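Trainee:
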Amino acid sequence: MARQANEVGRATLARLGAQGERLHNTEKNLDLAANQNKIAQDKAAELKTLNRSMFAVHVGNPFTSKERQARADEAVMKRHHDEREARENTRREGFAANQRMEDSFKAFNNAGTRQKQTTKKGYGKYNLDDEDDDLEDQIDDGLGELESQVKMMNMVGKAIGKEVDAQNKMIDRITQKSDAVDDATRMNRERLARIN
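According to UniProt numbering, the stretch in the sequence shown is residues 1 to 196, in order.
1) The alpha helix (DSSP H) that contains N35, what's its start and end?
2) Hey, is V164's beta-carbon within less than 8 Å of any beta-carbon in chain C?
3) Name the residue from T64, N188, K28, R71 whose alpha carbon lies nearest to the alpha carbon of E85.
4) Using only CA atoms, which one of M1, T26, G9 lies nearest to Q176?
5) So for N61, helix, strand or coil by DSSP?
6) Work out the CA separation of K151 and L143 for me, nearest whole Å.
7) Exposed or buried, which one is S65 when buried takes at least 16 other CB atoms within 10 Å?
8) Can you tell me the Cβ-Cβ gap for N6 and M153, rounded? I've got them flagged as a contact below 8 Å.
9) Alpha carbon to alpha carbon, what distance is there between A107 and D140?
What follows is the structure, encoded as structure tokens:
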């Protein structure tokens with residue numbers, strides 16, 4: 001029964017790992033959506049400029065064009081660095097989740113392969129028959145097996161707890177990112193509606 005509980009725990013942890021991968025893909029896609037949203041915002045501003053009347057000619061100030069270009073270049077580089085940092089953070093989180101899973105399963109395998117003690121315990125001052133010795137050995141073996149299974153359950157439970165905590169934090173990040181993407185998308189729609 002304890003062995004079966006451990007198998008269920010390991011299967012649950014494996015399902016949590018698969019769920020974590022899907023959450024990381026979601027977070028990565030939200031990062032891409034945020035980047036595309038910024039591009040859409042730039043294109044909407046460009047469209048607004050181009051959609052003006054043909055009589056309202058826009059001529060830039062030649063005395064400030066270099067300064068304006070330098071600011072634009074700086075803004076492009078800042079955006080690029082921010083996007084790269086977001087991608088790296090998402091990748092790092094995904095790698096950490098994979099490492100947690102691998103470390104947990106390695107620990108389970110190492111704990112499961114530990115050798116049992118083969119030394120017989122002395123039964124003290126009691127004189128036991130051969131049947132009693134065999135029965136006592138069976139009880140000791142059962143208790144040893146139960147002890148190792150309970151230790152394994154403890155390890156599995158702690159690993160599941162860590163993974164659930166990490167995924168809850170990831171879900172909070174995903175919520176913040178999805179809200180930001182939703183807000184930016186709504187603003188872009190409003191800007192486009194005002195152009196007409």
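Virtual Cβ for every residue (Gly too), placed ideally from N, Cα, C.
Bear in mind that the values here come from a model prediction, so they are computed numbers and not experimental data.
Mentor: So, from the data block:
1) 2-50
2) This model lacks chain C altogether; it includes just one protein chain.
3) K28
4) T26
5) coil
6) 12 Å
7) exposed
8) 6 Å
9) 25 Å
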